[in-house]
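Asker: Would you mind keeping the following structure in view while I ask a few things?
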Amino acid sequence: ITSSVSHTAESFHSLPISILADNLAMFSECFWWVSLSHSLLLFHSRAIKTNQDLLPETPWTNIFYDDFWGTLLTHSGSHKSYRPLCTLSFRLNFALGGLEPWGFHLVNVGLHCLTAALFSHLAGALLGRGCWQLLAGLLFATHPVHTEAVAGVVGRADVGAALFFLLALLCYAGHCARRSEGARASGWAWLLACLACSVCSMLWKEQGITVLAVAAVYDLFVFHRMKLQHIPGIFYKVSRLFPLEHVYEHSIFPENGISLQITLHLQHIFTLFSLFLTVGLNSCEYGL
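For the sequence shown, the tail end lands on 288 under UniProt numbering, and the numbers increase by one without skipping.
Below is the structure:
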């Protein structure tokens, strides 16, 4: 009973901090409000001022065939940066307010506010609701490392990708929770939502696809509570399923003698690593 009362009191004590942490978007908006008066800079020209994909007479479907700077992807001079959702948001900005910088900066600040709120929610799920959640959220919302992404209009690609990155992680956490409860239908729904958010994150900026790797790390180390000392054992078992000897048999070795020796030495190092790794296999509890 005493422990129950203590836990309840602790929950009520951390409640104001949790409410404060969940409303970090408001503090983030106040912190970055000064950027609304900034003008469009020189490096905004190609992405916004001279980008034909923002003009109403240009078919909006062209956004999915051009790179971030408005050049056709198949063109030899294309930057190959494919961020159609970010370009689409620029087009909406242009349709509503033309090249008025205030509107572009307002959307950037708004996206950052949502991202800060999601990060605070994720921090609460990982660190517990309370002071650590508040500290992590405030640090993310106000850290100067985000200045270029929030205050610079073309940095919207980073902010949008981060927003859907966090949404994908939260959806995957929901999938893991439903999976442990045996709720298969809702679990699949959360997983599909995670994949959809991952695609959106990638379409905001290419690096968004890495959320799938982070979700896998979450599954192993947070949900399954896998320990670091289990990694060598799993690596060994995977290497036994896909032995590198078959790769070497079908490989074309370089004619350069030094390169050939380095390649062969790497094979010997892997063999020794596999030999000594078997010592700790008995302590590996997370089997494949």
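Every residue gets a Cβ at the ideal spot worked out from N, C-alpha and C, and that includes glycine.
1) Could you give the distance in angstroms between the alpha-carbon of Gly152 and the alpha-carbon of Trp204?
2) Find the nearest neighbour of Cys86 within the set Glu57, Thr74 and Leu111, judged by alpha-carbon distance.
3) Please confirm whether Gly187 and Cys200 have their CB atoms less than 9 Å apart.
4) When the Cα atoms are used, what is the spatial distance from Val159 to Leu54?
5) Return yes when the Cβ of Lys49 is within less than 9 Å of the Cβ of Asp67, no when it is not.
6) Can you tell me whether Leu88 is helix, strand or coil according to DSSP?
7) Leaving out five residues on either side along the sequence, give the residues of the same chain with a beta carbon under 7 Å from the beta carbon of Gly182.
8) Which of the three DSSP states is assigned to Val222 in this structure?
9) Does the stretch 172 to 180 come into contact with the stretch 132 to 144, if we say contact requires no fewer than three beta-carbon pairs (one atom in each stretch) closer than 8 Å?
10) Can you look up Leu55 in the DSSP assignment and give me helix, strand or coil?
11) Output needed for Glu285: all residues of its chain with C-beta closer than 6 Å, excluding positions within five of it in sequence on either side, in chain order.
12) How close, in whole Å, do the beta carbons of Thr210 and Ala162 come, if the pair is a contact with beta carbons under 8 Å?
13) Would you kindly work out how many angstroms separate the C-alpha atoms of Leu126 and Cys194, rounded to a whole number?
14) Could you spell out where the alpha helix (DSSP H) holding Ser186 opens and where it closes?
15) Tell me whether Leu114 sits in a helix, a strand or coil according to DSSP, three-state version.
16) Please say whether Leu40 and Phe104 have beta carbons closer to each other than 9 Å?
17) Could you give the first and the last residue of the continuous alpha helix (DSSP H) run that contains Trp132?
18) Taking the C-alpha atoms as reference points, what is the distance between Val154 and Phe164?
19) Kindly indicate which three-state DSSP category Glu10 falls into: helix, strand or coil?
20) To the nearest angstrom, report how far apart Ala123 and His146 are at their CA atoms.
21) So, for Asn62: in the same chain, excluding its five sequence neighbours on each side, which residues have a beta-carbon less than 6 Å away from its beta-carbon?
22) Verify the CB distance criterion: does Ala189 have a CB-CB separation below 9 Å to chain C?
23) Can you find the residues in the same chain that come closer than 7 Å, C-beta to C-beta, to Glu29, ignoring five residues on each side of it along the sequence?
24) Is the beta carbon of Ala168 less than 9 Å from the beta carbon of Cys197?
Answerer: So, from the data block:
1) On the sequence shown, position 152 is the one that residue 152 refers to. On the sequence shown, position 204 is the one that residue 204 refers to. Approximately 15 Å, taken between the alpha carbons.
2) Numbered from 1 along the sequence shown, position 86 holds the residue referred to as residue 86. Out of Glu57, Thr74 and Leu111, Leu111 has the C-alpha closest to the C-alpha of Cys86.
3) Residue mapping note: residue 187 aligns to position 187 of the sequence shown, counting from 1. Residue mapping note: residue 200 aligns to position 200 of the sequence shown, counting from 1. For Gly187 and Cys200, no; Cβs fall outside 9 Å.
4) Position 159 of the sequence shown, counting from 1, holds the residue named residue 159. Position 54 of the sequence shown, counting from 1, holds the residue named residue 54. Approximately 20 Å, taken between the alpha carbons.
5) Taking the first residue of the sequence shown as 1, we reach residue 67 at position 67. Taking the first residue of the sequence shown as 1, we reach residue 49 at position 49. For the 9 Å CB-CB criterion, Asp67 and Lys49 do not form a contact.
6) By 1-based counting over the sequence shown, the position of residue 88 is 88. Helix, per DSSP.
7) The residue labelled residue 182 in the question sits at position 182 within the sequence shown. Closer than 7 Å at Cβ, skipping near neighbours: no residue.
8) On the sequence shown, residue 222 is found 222 positions in, with the first residue counted as 1. Helix.
9) no
10) Stepping through the sequence shown from its first residue, residue 55 is reached at position 55. Looking at Leu55 - three-state DSSP - the assignment turns out to be coil, as it is neither helix nor strand.
11) Your numbering for residue 285 matches position 285 in the sequence shown. Unreliable placement is indicated for Glu285, whose pLDDT of 44 sits below 50; no coordinate value is reported for it.
12) Here residue 210 refers to the residue found at position 210 of the sequence shown. Here residue 162 refers to the residue found at position 162 of the sequence shown. 11 Å between Cβ atoms; not a contact.
13) For the purposes of this step, residue 126 is identified with residue 126 of the sequence shown, where counting begins at 1. For the purposes of this step, residue 194 is identified with residue 194 of the sequence shown, where counting begins at 1. When rounded, the distance between both Cα atoms is 18 Å.
14) The count along the sequence shown starts at 1 and reaches residue 186 at position 186. Start and end: Arg184 to Trp204.
15) For the purposes of this step, residue 114 is identified with residue 114 of the sequence shown, where counting begins at 1. Correct three-state label for Leu114: helix.
16) Counting from 1 along the sequence shown, the entry for residue 104 is found at position 104. Counting from 1 along the sequence shown, the entry for residue 40 is found at position 40. Yes, Cβ-Cβ distance for Phe104 and Leu40 is below 9 Å.
17) Here residue 132 corresponds to residue number 132 of the sequence shown, with the count starting at 1. Segment Cys131 to Thr142, the alpha helix (DSSP H) holding Trp132.
18) Stepping through the sequence shown from its first residue, residue 154 is reached at position 154. Stepping through the sequence shown from its first residue, residue 164 is reached at position 164. One C-alpha to the other measures close to 17 Å.
19) Sequence index remark: in the sequence shown, residue 10 carries index 10 (1-based). With a pLDDT of 40 at Glu10, under the threshold of 50, the modelled position of that residue is not reliable, and the figure given next carries that caveat. It is helical.
20) The count along the sequence shown starts at 1 and reaches residue 123 at position 123. The count along the sequence shown starts at 1 and reaches residue 146 at position 146. Using only the alpha carbons, I get a separation of about 18 Å.
21) Numbered from its first residue, the sequence shown carries residue 62 at position 62. Answer for Asn62: Asp53, listed in chain order.
22) Although the question refers to chain C, the structure presented lacks it and comprises just one protein chain.
23) Locating residue 29 in the sequence shown gives position 29, counting from the first residue. Result list for Glu29: Val109 and Cys113, in chain order.
24) Residue numbering aside, residue 168 sits at position 168 when the sequence shown is read from its first letter. Residue numbering aside, residue 197 sits at position 197 when the sequence shown is read from its first letter. For Ala168 and Cys197, yes; Cβs fall inside 9 Å.
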